[in-house]
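Undergrad:
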Amino acid sequence: MTRSEPRARIDVVVPAHDEADRIAACLDALLVAIDRLATERPGVDAAVTVVLDGCTDGTASVVERYPVDVLTTDRVGVGRARTIGATHALRAHDGEPAARWLAHTDADSRVHERWLVQQSDALAAGAQVLVGAVVPDPDDLEPVVLERWTRAHPPGAALGHVHGANLGVLAAAYVTLGGFDPVPEHEDARLVARARALGLRVDATVDLPVVTSGRFEGRTPGGYAEHLRQQYGDAS
-1 MTRSEPRARI DVVVPAHDEA DRIAACLDAL LVAIDRLATE RPGVDAAVTV VLDGCTDGTA
59 SVVERYPVDV LTTDRVGVGR ARTIGATHAL RAHDGEPAAR WLAHTDADSR VHERWLVQQS
119 DALAAGAQVL VGAVVPDPDD LEPVVLERWT RAHPPGAALG HVHGANLGVL AAAYVTLGGF
179 DPVPEHEDAR LVARARALGL RVDATVDLPV VTSGRFEGRT PGGYAEHLRQ QYGDAS
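My numbering puts the last residue of the sequence shown at 234; the count rises by one with no breaks.
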């Protein structure tokens, strides 16, 4: 019997704090993306780890319906939650994959159906970090606020921000970088800043943006929700 070739693997890490109303849409989108990956890149495996970060609502009961790994923690904040999820994902696999990649998104976000194909292609191309774009869910924004955002982001414009809702990291690079800082916000930007400072290959794309919540009150004090509120204001 010939030994099969080792396969590449992408592990998706999703931190969640009280996202019972949104995490089903997140996980539905990820399952579609996994199916699309299997069709377009059959040599790449994928799995999802959800970290329930001190949830006090019904998030856990929603997540238990999905074929994902689930970790439960006290409220540790998004930086530590991402690290806990990544550590688990890197330890929990069968065999030795040819290459490992960590893809990060958020529980209030929906990835494009080809998002994991995009992550896989970044891995194959030799990227060590992939910084992706996000767009707010238009259903969450008042028309005047959506119009302000649209004017500021014409199609194809480089968005220039780092978002944990759309971020990929080569596993070896992630280990070199020491994982995410145990901070309540900006853990994503800090990781990418370290990668750039070390001269790692950091690719960026505005293709296939992740749709994330357009709410003005988020789960971190200075996250995307606060960015939307400060930059685009209320509907007055």
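From the three backbone atoms N, C-alpha and C, an ideal C-beta is built for every residue, glycine too.
Please read all numbers here as calculations on a predicted model, not as lab measurements.
Using the Cα positions of E183 and V12, report the straight-line distance between them to the nearest angstrom.
TA: If you number the sequence shown from 1, residue 183 lands on position 185. If you number the sequence shown from 1, residue 12 lands on position 14. Their Cα atoms are separated by approximately 15 Å.
Undergrad: When you compare the CB of H15 with every CB in chain C, is at least one pair closer than 9 Å?
TA: Considering every chain present, this structure includes no chain C. It has just one protein chain.
Undergrad: Excluding the five sequence neighbours on either side, which residues of its own chain have a C-beta within less than 6 Å of the C-beta of D43, listed in chain order?
TA: Here residue 43 is taken as the residue at index 45 of the sequence shown, counted from 1. Here the set comprises R5, R7.
Undergrad: What are the boundary residues of the beta strand (DSSP E) that includes D67?
TA: As a position in the sequence shown, residue 67 is number 69, starting the count at 1. Per DSSP, D67 belongs to the beta strand (DSSP E) from 67 to 71.
Undergrad: What first and last residue would you give for the alpha helix (DSSP H) that runs through H86?
TA: Within the sequence shown, numbered from 1, the residue matching residue 86 stands at position 88. Looking at the DSSP string, the run of the alpha helix (DSSP H) that includes H86 is 76 to 89.
Undergrad: Which one of T47, N164, H161, A195 has the shortest CA to CA distance from T174?
TA: The residue labelled residue 174 in the question sits at position 176 within the sequence shown. That would be A195, whose Cα lies nearest to the Cα of T174.
Undergrad: Which residue from E185, G166, A191, W113 puts its Cα closest to that of P207?
TA: As a first step, residue 207 is located in the sequence shown; it is residue number 209 there, counting from the start. The shortest Cα separation from P207 among E185, G166, A191, W113 belongs to W113.
Undergrad: Quick one: what does DSSP say G216 is sitting in, helix, strand or coil?
TA: Working through the sequence shown from its first residue, we reach residue 216 at position 218. Residue confidence is low: G216 scores 49 on pLDDT, short of 50, so the model does not pin down where it sits. No coordinate-derived value is stated.
Undergrad: Taking one C-beta from the segment 41 to 57 and one from the segment 65 to 84 each time, how about it: are there three or more such pairs within less than 8 Å?
TA: Yes, since at least three Cβ pairs between the segment 41 to 57 and the segment 65 to 84 fall closer than 8 Å, the two stretches touch.
Undergrad: In three-state terms, what does DSSP make of L165?
TA: Counting from 1 along the sequence shown, the entry for residue 165 is found at position 167. Three-state result, L165: strand.
Undergrad: Can you tell me whether D186 is buried or exposed, with buried defined as 16 or more other CB within 10 angstroms of its CB?
TA: For the purposes of this step, residue 186 is taken as the residue at position 188 of the sequence shown. It is buried - the Cβ of D186 has at least 16 other Cβ atoms within 10 Å.
Undergrad: In the DSSP output, which residue or residues are listed as bridge partners for I8?
TA: Translated into the one-based positions of the sequence shown, residue 8 becomes position 10. The partner list for I8 (beta bridge, DSSP) reads A44, W99.
Undergrad: Along the chain, where does the beta strand (DSSP E) containing L235 start, and where does it finish?
TA: Because residue 235 is not part of the residues shown, which for the chain are -1 to 234, the question remains open.
Undergrad: Between which two residues does the beta strand (DSSP E) containing V133 stretch?
TA: Mapped onto the sequence shown, residue 133 falls at position 135. Looking at the DSSP string, the run of the beta strand (DSSP E) that includes V133 is 132 to 134.
Undergrad: Distance check for A123 and H15, CA to CA, integer angstroms please.
TA: Numbered from its first residue, the sequence shown carries residue 15 at position 17. Numbered from its first residue, the sequence shown carries residue 123 at position 125. When rounded, the distance between both Cα atoms is 34 Å.
Undergrad: Take every Cβ of the segment 160 to 178, pair it with every Cβ of the segment 116 to 136, and state whether three or more of those distances are shorter than 8 Å.
TA: Touching, yes.
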